[in-house]
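Under this note's numbering, think of the first position of the first sequence as 19, with each following residue one higher.
Cβ atoms here follow ideal geometry from the backbone N, Cα and C, with glycine treated the same way.
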Amino acid sequence: MTKSISRASLLKPEFYNRDPRRVARSLLGKLLIRQTPRGILAGRIVETEAYLGNDDAAAHSAAGKTARNSVLFGPPGHAYVYFIYGNHYCLNVSCLPDGVPGGVLFRALEPITGIEQMAEARGVDLPEKPELRKLSILKKISSGPGRMSEALGVTRARDNDKSLVSARSDLRIVDDGYRVRRVVVSPRIGIVKAADHPLRYFIAGNPFVS
DNA sequence: GAGGAGATCGTCT
DNA sequence: GACGATCTCCTCT
């Protein structure tokens with residue numbers, strides 16, 4: 019059974035203060051929540067990727083600390099947002115203790131609450147009757163790193179370095195009791211360096227995986 | 001349904 | 001000045 023969003027428990031800093039591989043796997047099935055003036059947006063996390071920091075050529079932190087990636091070197095449980103390909107924002111969460119780089123990239127969400135508002139933000143034409151909302155349409159809302167960021171209104175100016183572990187934050191991650199049956203591990207997507215490492219995690223059989 | 005190319009700009013060299 | 005943890009549109013099958 020799953021609890022309602024209002025009674026779900028907020029993930030604490032200790033949750034993120036671990037190896038990014040364990041955090042990436044544990045985040046599957048949790049709810050990513052955005053509080054907006056018009057209401058709550060929420061999606062279930064169905065796909066993540068781990069970025070290890072020092073010994074990971076594909077990680078932004080591999081070349082050392084810069085103004086851009088400094089959040090990855092900070093305390094766990096903070097949002098790292100970067101802009102890519104001139105069009106898209108990607109959302110990550112910092113892992114490991116303050117001073118040690120590492121993070122997890124959110125790659126796909128299953129829309130749960132505020133579906134209409136998220137579709138609007140994405141420019142997706144959503145049928146009014148829920149029974150007419152095909153999977154192929156719903157997948158356009160948040161199936162992919164750039165898509166889910168746009169659906170939730172995530173930008174670098176607004177969300178970079180924001181705490182995801184504060185009850186007052188408008189962006190946070192909660193556990194509503196949902197249990198993941200099986201997790202699949204595969205190589206990461208869209209990268210060249212260290213592309214063969216199996217650091218991508220997703221919920222087996224979930225149709226919202228990108 | 002699959003495959004290819006263009007869009008577009010912040011960040012680092 | 002080059003490139004990137006992507007998405008969309010267009011064409012072809």
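With 16 or more other CB atoms across the displayed protein chains lying within 10 angstroms of its CB, S167 is buried.
Bounds of the beta strand (DSSP E) holding R218 are 218 to 221.
In the DSSP annotation of this structure, R62 is not part of any alpha helix (DSSP H); the continuous beta strand (DSSP E) holding it starts and ends at 57 to 69. As DSSP reads the structure, Y34 sits in no beta bridge. A direct Cα-to-Cα measurement between A76 and L70 gives close to 9 Å. Cβ-Cβ distances below 7 Å link K180 to H96, A97, S187, L189 in the same chain, with the five nearest sequence neighbours on each side left out; the list follows chain order. The stretch 136 to 152 and the stretch 116 to 124 do not touch, with fewer than 3 CB-CB distances between them shorter than 8 Å. Looking at the DSSP output, T131 shares a beta bridge with A60. For A126, the beta-bridge partners assigned by DSSP are E65, S161.
The shortest C-alpha to C-alpha distance from R56 to any of G171, A185, R200 is the one to G171. In this structure, L28 places its C-beta atom within 7 Å of the C-beta atom of V192.
The criterion of a C-beta distance shorter than 7 Å is not satisfied by C108 and P38. Taking one beta carbon from each stretch, the stretch 201 to 220 and the stretch 53 to 68 have 3 or more pairs nearer than 8 Å; the two touch. For D177, there is no enclosing beta strand (DSSP E); the enclosing alpha helix (DSSP H) has its first and last residue at 174 to 177. Per DSSP, R52 is one residue of the beta strand (DSSP E) stretching across 49 to 54.
The C-alpha of A175 is placed about 15 Å away from the C-alpha of N105. For D74, the CB contacts under 7 Å within the same chain, skipping 5 residues up- and downstream, are A80, A212 in chain order. I102 has H106 as its beta-bridge partners, per DSSP.
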